Every structure is written in C-alpha cells, then in structure tokens.
Amino acid sequence: TNLSALHLSPSEQEILERGEDNITTDQLQALNKLKSHHEIIIKPADKGGQIVLQDRTNYIFEATRQLNDPVYYRPLTNPMYLETQTMVRLLIDQMRLKHLINAKQAHYLYETWTVPFVIPPGRPIVNDCGSESYHLLIPLITTFSRQLGPLKQAIKQHFNSAISETPL
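Per my numbering, the very first residue in the sequence shown carries number 915; after that it's consecutive.
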C-alpha cells in the first residue's frame, strides 16, 4: 500500500509519523490527565472492547452490590485451588489413559499444576476467574481444545450442578 496516496488528517498524519501510539499527543495528554484523577475509575467493559469511565463512589457501590448478590457470588469457606488441582490432575490422568495426550504433555501439565499457591491474608476469593489458579488453566484449554471440544461445556455443567446443589 502506498501510504502517500492515503488522505490523512493532520492528527492522523502525526500518529503515522510517530509510529508508536495510535492517538494524538493531545489525546494522550488528555488520557493521562484523566488517569491522574483518583475519583475516576477507568476499566475495560465486560463485553465489546469498550472503555468505561465511572465515578469511584458509584464503582465501589456497584461492585459491593454485585458481590453481595448471593445468586452470583457466595463467600467461600476454603480456597478452591486444592479441589481444582485434584480435579485437573484426574482429568489429565483420564486424558492420558484415553491416549488423548502423550506422556510428555501429561508431564508438562502436571508441572504446571505444582506451582505453590500463596493467598494474601484477607483476600476474598469470590470466583475462580482471574484467581491465582486461573492463568494455569490456559495451557490446558489451549493444548486440548481441538481434541476435547465438549470439555468446556462439561466443566461448566458440572460446576453449575455442583453450585446448585450446594446450600448457601
């Protein structure tokens, strides 16, 4: 593509010439000014790749409201990683027995799950998404997503049934 043939505004030309940021200098300064305001929370939206700006007081109120909703969150009496680790090891064993993975892959996955977990004192655990063990699940899902397409659905169904059977 011949870039000189493109009709760019002066601000777009500035972005192209700098070659790094995808925003103008003025936009970057405005963004940094916004980020310095501690009464404003800047977060990615749950869906759609948008950005949300929210007043800190409203953000805390909304977070507290959601975390206190027993339909979606319940306090855990114990960390989940021990149970999760056991379930993942059993799953790895089953996949090995069914020849869905080889010994080298199984060894790699076992090693992934031997990382010691340290939970900072007072840290509430409200779910496993983004928790201390979440990032360790990514290689498992990535490695076997082709062979075990229904795995995610089965885990979800098991999780939902376990939660629905657990008294609050």
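The beta carbon of each residue, even a glycine, is placed where N, CA and C say it ideally should be. Since the structure is predicted, the reported quantities are computational estimates derived from the model, not experimental observations.
Have a look at the options and flag the residue whose alpha-carbon is nearest the alpha-carbon of residue i.
i	options	result
Ile965	Ile956, Thr971, Asn972 and Tyr973	Ile956
Thr1026	Lys1012, Gln999, Ile1015 and Gln1008	Gln999
DSSP three-state call for residue i: helix, strand or coil?
i	result
Gln964	coil
Lys1018	helix
Asp983	coil
Lys957	strand
Just the C-alpha distance for residue i and residue j, rounded to the nearest angstrom, thanks.
i	j	result
Lys949	Ser923	27 angstroms
Arg979	Asn936	36 angstroms
Leu967	Asp960	13 angstroms
Ile954	Arg988	28 angstroms
Phe975	Lys1070	29 angstroms
Thr991	Leu1023	28 angstroms
Ile1077	Pro993	15 angstroms
Leu945	Glu997	43 angstroms
Asp940	Asn1074	48 angstroms
Asp983	Asn972	17 angstroms
Ala977	Gln1008	39 angstroms
Ala1017	Met1001	18 angstroms
Lys947	Thr938	14 angstroms
His951	His1072	44 angstroms
Ile1015	Leu1004	13 angstroms
His1013	Tyr995	26 angstroms
Leu942	Val985	41 angstroms
Can you name, in chain order, every residue of its own chain whose Cβ lies under 6 angstroms from the Cβ of residue i, other than the five neighbours on each side?
i	result
Ala1020	Ile1006 and Arg1010
Leaving out five residues before and five after residue i in sequence, what residues of the same chain have Cβ atoms less than 8 angstroms from its Cβ?
i	result
Pro958	Gln964, Ile965 and Val966
Asp969	Glu953, Ile954 and Ile955
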